[in-house]
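Chemist:
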Amino acid sequence: MMRALVLLPLLLLPACGGGDDGGEDVKATYVAGATAVCEGAVEDFEALVTPTTPEGFAPYADSLVGILEEAHQELAALTPPEADKARLDEKVVDPLEKLVDEGKAYAAQVRAAGADQAKLLTLLSERPTGDTIDVGYLRSYGLSACAEAVEKAG
-9 MMRALVLLPL LLLPACGGGD DGGEDVKATY VAGATAVCEG AVEDFEALVT
41 PTTPEGFAPY ADSLVGILEE AHQELAALTP PEADKARLDE KVVDPLEKLV
91 DEGKAYAAQV RAAGADQAKL LTLLSERPTG DTIDVGYLRS YGLSACAEAV
141 EKAG
């Protein structure tokens, strides 16, 4: 995807750094890369058209999960500052991975429901959310675009 091409130079920057400790540079590079990923996810979420027929819900759910999965893979590939890695994994990367897994299971249920409106209505109230992702932490770390992406994802 286009975001992957945009991120490639950002991923290579830490490897090309100079001899200083680079702590702030690593964080700035990480924040820039994560922001690009999350801004792309927000654009993708906003481009989705909410289904108006029962047949449209399965493709919609698959698209949502695809956006989340791509964002998770791209975020997990970024190199955070070593001092922040465990906290970012705990607060962001791991909960996002869990959300992707829950989303895949949910999308499978939506596909299985087919055009059964009663089943789809029940599933709509049971859809996974990003509640386990600490949006406040994202904002405090400088990842407001990622907080917005979590909110767009539901």
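So that you can map any letter, position 53 of the sequence shown is 43 in our numbering, and since no number is skipped, the others follow by simple counting.
Ideal Cβ placement from N, Cα and C applies to all residues, glycine included.
I'd like to check one pair, A105 with C45: are the Cβ atoms closer than 8 Å?
Modeler: Checking the sequence, you will find Glu at residue 45 rather than Cys. Going by C-beta atoms, E45 is nearer than 8 Å to A105.
Chemist: Look up P41 in the DSSP assignment and say whether it is helix, strand or coil.
Modeler: Secondary structure of P41 (DSSP, three-state): coil.
Chemist: Using the three-state DSSP reduction, which class does A105 fall into: helix, strand or coil?
Modeler: coil
Chemist: Give every residue of the same chain whose Cβ lies closer than 6 Å to the Cβ of F47, excluding the five residues on either side of it in the sequence, and list them in chain order.
Modeler: P41, V100, L110
Chemist: Starting from the Cα of E138, find the closest Cα among C28, Y20, K75, V39 and give me that residue.
Modeler: C28
Chemist: Following the continuous alpha helix (DSSP H) through G126, name the residue where it begins and the one where it ends.
Modeler: 125 to 131
Chemist: Relative to the alpha-carbon of E80, which residue among G23, D124, A26 has its alpha-carbon at the smallest distance?
Modeler: D124
Chemist: On a Cα-Cα basis, can you pick out the residue from A143, Y131, A102, A24 that is closest to A66?
Modeler: A24
Chemist: Tell me where the alpha helix (DSSP H) around L68 begins and ends.
Modeler: Neither: L68 is in no alpha helix (DSSP H) and is coded neither H nor E.
Chemist: Kindly indicate which residue of S115, E64, K88 has the alpha-carbon position closest to the one of V21.
Modeler: E64
Chemist: Could you give the distance in angstroms between the alpha-carbon of L114 and the alpha-carbon of E14?
Modeler: 43 Å
Chemist: Report back the beta-carbon spacing between K88 and V55 to the nearest angstrom; my notes put them in contact at under 8 Å.
Modeler: About 13 Å separates the two Cβ atoms, so there is no contact after all.
Chemist: Alpha carbon to alpha carbon, what distance is there between A51 and R77?
Modeler: Linking R77 to A51 through their CA atoms gives a straight-line distance of about 29 Å.
Chemist: Could you give the C-beta distance for G120 and G144, rounded to a whole number, given that I count them as a contact under 8 Å?
Modeler: 6 Å
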